[in-house]
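Inspection log for the structure reproduced underneath, given as structure tokens.
Residue numbers (the working numbering), protein chains in the order written: chain A, -19 to 239; chain B, 89 to 333.
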């Protein structure tokens, strides 16, 4: 009985999604809405299948921008976090600025990157880096700062250098907070690349969407949206897997709690 | 093998005198217990002895060297086990050896030899959060021991454990010390614990801490001696201005 209930719990969101899509499908058919206003879910799936090779090609270039930007953002964030953690005064000076900089909507800056960096890969990667960098660096810094000071004192009393303390104590304990920031960034990365492409590109899902929108192919726009959602989901799942591999002590602990 | 000499140590924290002219000594192989009311500055003293805090006046001698305000000679163990959740038991206890520049293979070999005596055999690959409180404290003690085997500082190491585990750990520690014979400076506010473990007891008065009593405990009779208990209790409450514990 309990098992049945837990299966039900897992299925519940799928059932809800199915119901909502059905309502959408029925509403479109009953009202005879033309597909250039709102296509039905089935039409979108048909378009998705029909334009699959084309979509795949554009997906590849979006994914390339997103992942390049994402990885660079991680590297820069690690470097920044390390430097700010090492030099306390620098942290005091920079951390508030990092927080305040979050009030700037990066997307509105994107057109400037076109002016500065042209139409190629670079401006897209910069948008991705800017969007992904902050959640990662903030979560890393918070993680590094939340280490028990007694633990650091213990290591100091054993004569550990600051680098050793960073490596052995601070970094591992920051990792679980870091991964939650990473998941947010990962899901943003695809979106950021698409937005970069909206503003001017020769390929990519964002470019595909702009072209489709200009010719009122709403079904194609929505097919791209489906792909973007799936990609984001995929990237987040990949981060989950990475966390499972990199932070084994967390999962061991959960196993014990279950037993 | 070495002992500790605390010479005329005075320390004020936030302009409140915490330790006032404390002098005590731990001889080689001696188990010295400091007992005093909560917040009397016992932990501050251990921080000074381990070199994390510099005293306003006075000196810390370890062996016959001056170690005032210098870390790296003795480590200490606290009520919190302070094991790294990211490392298993073996990797945790090896940390002091790794910090000394010993390579991982040799560090593991060294630690392996002690696992049985420290009751950790078979648990090398467990993560700290998978272990009981008593076991975590034993791992913390082994880590402390592997840093300096001749001197150990302990700050209420068993205060966070339940009564039965605490009792077991006290008896086990007594066994262990009679085997390995380190010099120990042990802080507690539990009189029974002090009498069970100590060769020598220093009783601290409430803040500012001064030594209000210095007793040599006769082996074996200590834990039964009600008179001694009363005496220690009285010394701990000495000079107390109104605040009950």
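Where is the CB? At the ideal position from N, CA and C, for every residue including glycine.
To be precise: take each residue of the segment 120 to 149 of chain A, compare its Cβ to all Cβ atoms of chain B, and keep it if any distance is under 9 Å. Which residues remain? 128, 130, 131, 133, 134, 135, 136, 137, 138, 139, 140, 141, 144, 148, 149
Given a limit of 9 Å on CB to CB distance, which residues of the segment 252 to 273 of chain B reach chain A? Result list empty, no residue passes.
Helix, strand or coil at residue 205 of chain B according to DSSP, with G and I counted as helix: Walking along the second chain from the start, residue 205 of chain B turns up at place 117. Reduced to three states, the DSSP call for residue 205 of chain B is coil.
Could you check which residue in A:42, A:93, A:144 has the C-alpha nearest to that of residue 187 of chain B? Translated into positions along the second chain, residue 187 of chain B becomes position 99. When each option's Cα is compared against that of residue 187 of chain B, the closest is A:144.
Determine the extent of the beta strand (DSSP E) in which residue 91 of chain B is found, giving its start and end residues. What you label residue 91 of chain B is simply residue 3 of the second chain in a count that begins at 1. Where residue 91 of chain B is concerned, there is no enclosing beta strand (DSSP E), given that its DSSP letter is neither H nor E.
Contact with chain A by residue 163 of chain B, beta-carbon distance below 8 Å: Counted from its first residue, the second chain places residue 163 of chain B at position 75. Output row for residue 163 of chain B: interface = yes.
Mapping DSSP to helix, strand and coil, what is residue 164 of chain B? Looking up residue 164 of chain B in the second chain gives position 76. Look at residue 164 of chain B here: in three-state DSSP terms it is strand.
Would you list the one or two residues that DSSP bridges to residue 194 of chain A? To locate residue 194 of chain A, count along the first chain from 1; it is residue 214. Note: residue 194 of chain A sits in no beta bridge, so no partner.
Our contact map puts residue 292 of chain B next to residue 299 of chain B with C-beta atoms below 8 Å; I'd like the distance itself, whole angstroms only. What you label residue 292 of chain B is simply residue 204 of the second chain in a count that begins at 1. What you label residue 299 of chain B is simply residue 211 of the second chain in a count that begins at 1. Correct: roughly 6 Å between the Cβ atoms.
Mind pulling the alpha helix (DSSP H) runs of 4 or more residues that sit fully within the segment 116 to 151 of chain B? 130 to 138
Is residue 136 of chain B close to chain A? Criterion is C-beta to C-beta, closer than 8 Å. Working through the second chain from its first residue, we reach residue 136 of chain B at position 48. No, no contact with chain A.
Cβ-based contacts, 8 Å cut-off: residues of the segment 147 to 177 of chain A near chain B: Listed by position along the chain: 148, 149, 152, 153, 155.
So which residues of chain B does residue 224 of chain A contact, with C-beta pairs closer than 8 Å? Within the first chain, numbered from 1, the residue matching residue 224 of chain A stands at position 244. Within 8 Å Cβ-Cβ: nothing; residue 224 of chain A doesn't reach chain B, min ~14 Å.
I need the straight-line Cα distance from residue 224 of chain B to residue 158 of chain A, nearest angstrom please. Here residue 224 of chain B corresponds to residue number 136 of the second chain, with the count starting at 1. Here residue 158 of chain A corresponds to residue number 178 of the first chain, with the count starting at 1. Looking at the two C-alpha atoms, the distance is approximately 26 Å.
Between residue 235 of chain B and chain A, is the shortest Cβ-Cβ distance under 8 Å, so that the two count as touching? Walking along the second chain from the start, residue 235 of chain B turns up at place 147. Put simply, the CB of residue 235 of chain B is near chain A, with a gap under 8 Å to one of its CB atoms.
Near residue 120 of chain B, what residues of its chain come up, given a Cβ to Cβ distance below 6 Å and the 5 sequence neighbours on each side ignored? As a working mapping, residue 120 of chain B is identified with position 32 in the second chain. Answer for residue 120 of chain B: 114, 273, 288, listed in chain order.
Can you tell which of B:253, B:177, B:111 has the C-alpha that lies nearest to the C-alpha of residue 230 of chain B? In the second chain, counting from the first residue as 1, residue 230 of chain B sits at position 142. The option with the nearest alpha carbon to residue 230 of chain B is B:177.
Among A:91, A:26, A:208, A:114, which residue has its Cα nearest to the Cα of residue 76 of chain A? Working through the first chain from its first residue, we reach residue 76 of chain A at position 96. For the residues A:91, A:26, A:208, A:114, the minimum Cα distance to residue 76 of chain A belongs to A:114.
Would DSSP call residue 84 of chain A helix, strand or coil? Locating residue 84 of chain A in the first chain gives position 104, counting from the first residue. Coil at residue 84 of chain A, not helix or strand.
In angstroms, rounded to a whole number, what distance separates the CA positions of residue 250 of chain B and residue 137 of chain A? As a position in the second chain, residue 250 of chain B is number 162, starting the count at 1. As a position in the first chain, residue 137 of chain A is number 157, starting the count at 1. Their Cα atoms are separated by approximately 28 Å.
The segment 145 to 153 of chain A contacting the segment 184 to 194 of chain A, beta-carbon criterion three pairs below 8 Å: no
Is the separation between the beta-carbon of residue 164 of chain B and that of residue 203 of chain B shorter than 8 Å? Position 76 of the second chain, counting from 1, holds the residue named residue 164 of chain B. Position 115 of the second chain, counting from 1, holds the residue named residue 203 of chain B. Against a cut-off of 8 Å, the Cβ pair of residue 203 of chain B and residue 164 of chain B comes out as no contact.
Nearest-angstrom beta carbon gap, residue 180 of chain B and residue 227 of chain B [assumed within contact, 8 Å]: Mapped onto the second chain, residue 227 of chain B falls at position 139. Mapped onto the second chain, residue 180 of chain B falls at position 92. About 6 Å separates the CB atoms of residue 227 of chain B and residue 180 of chain B; that is less than 8 Å, so the two are in contact.
Taking the DSSP output, what are the residues bridged to residue 64 of chain A? Within the first chain, the letter at position 84 stands for residue 64 of chain A. Residue 64 of chain A pairs with nothing; no bridge assigned.
Would a C-beta distance cut-off of 8 Å place residue 86 of chain A and residue 111 of chain A closer than the cut-off? Start at 1 with the first residue of the first chain, and residue 86 of chain A comes out as number 106. Start at 1 with the first residue of the first chain, and residue 111 of chain A comes out as number 131. In terms of Cβ geometry, residue 86 of chain A and residue 111 of chain A form a close pair [threshold 8 Å].
For residue 19 of chain A, which residues from the same chain have a beta carbon less than 6 Å from its beta carbon, with the 5 sequence-adjacent residues on both sides left out? On the first chain, residue 19 of chain A is found 39 positions in, with the first residue counted as 1. Within the same chain, residue 19 of chain A has close Cβ partners 198, 199.
Min CB distance residue 276 of chain B to chain A below 8 Å: As a first step, residue 276 of chain B must be located in the second chain, where it is residue number 188. Output row for residue 276 of chain B: interface = no.
Starting from the beta carbon of residue 139 of chain B, find every residue of chain A whose beta carbon is closer than 8 Å, and list them in chain order. Position 51 of the second chain, counting from 1, holds the residue named residue 139 of chain B. The answer, in chain order, is 137.
Looking at the strands, I want to know which residues DSSP matches up with residue 38 of chain A. Position 58 of the first chain holds residue 38 of chain A. Its beta-bridge partners do not exist; DSSP assigns none.
Just how far apart, CA to CA, sit residue 15 of chain A and residue 23 of chain A? Taking the first residue of the first chain as 1, we reach residue 15 of chain A at position 35. Taking the first residue of the first chain as 1, we reach residue 23 of chain A at position 43. Rounded to whole angstroms, residue 15 of chain A to residue 23 of chain A spans 8 Å at the Cα level.
Following the continuous beta strand (DSSP E) through residue 274 of chain B, name the residue where it begins and the one where it ends. Along the second chain, one-based indexing puts residue 274 of chain B at 186. Residues 271 to 276.
Sorted by chain position, which residues of the same chain lie with C-beta nearer than 7 Å to residue 138 of chain B's C-beta, five sequence neighbours on each side aside? Taking the second chain and counting its residues from 1, the one referred to as residue 138 of chain B is at position 50. Counting only Cβ-Cβ distances below 7 Å, and skipping sequence neighbours, we find 159, 162, 163, 164, 241.
Quick one: does residue 310 of chain B have its CB under 8 Å from some CB of chain A? Here residue 310 of chain B is taken as the residue at index 222 of the second chain, counted from 1. Reliability fails at residue 310 of chain B, whose pLDDT of 49 lies under 50, so the model's placement of it is uncertain and no value is given.
Counting beta carbon pairs with one atom in the segment 48 to 68 of chain A and one in the segment 117 to 126 of chain A, are three or more of them shorter than 8 Å? In short, these stretches touch, since the Cβ pair count reaches three.
So residue 173 of chain A packs on residue 53 of chain A, CB below 8 Å; how close in whole Å? Within the first chain, numbered from 1, the residue matching residue 173 of chain A stands at position 193. Within the first chain, numbered from 1, the residue matching residue 53 of chain A stands at position 73. That belief does not hold up - the Cβ atoms of residue 173 of chain A and residue 53 of chain A are roughly 12 Å apart, past 8 Å.
At a Cβ threshold of 8 Å, is residue 229 of chain A touching chain B? The sequence position of residue 229 of chain A within the first chain is 249, counting from 1. Closer than 8 Å: yes.
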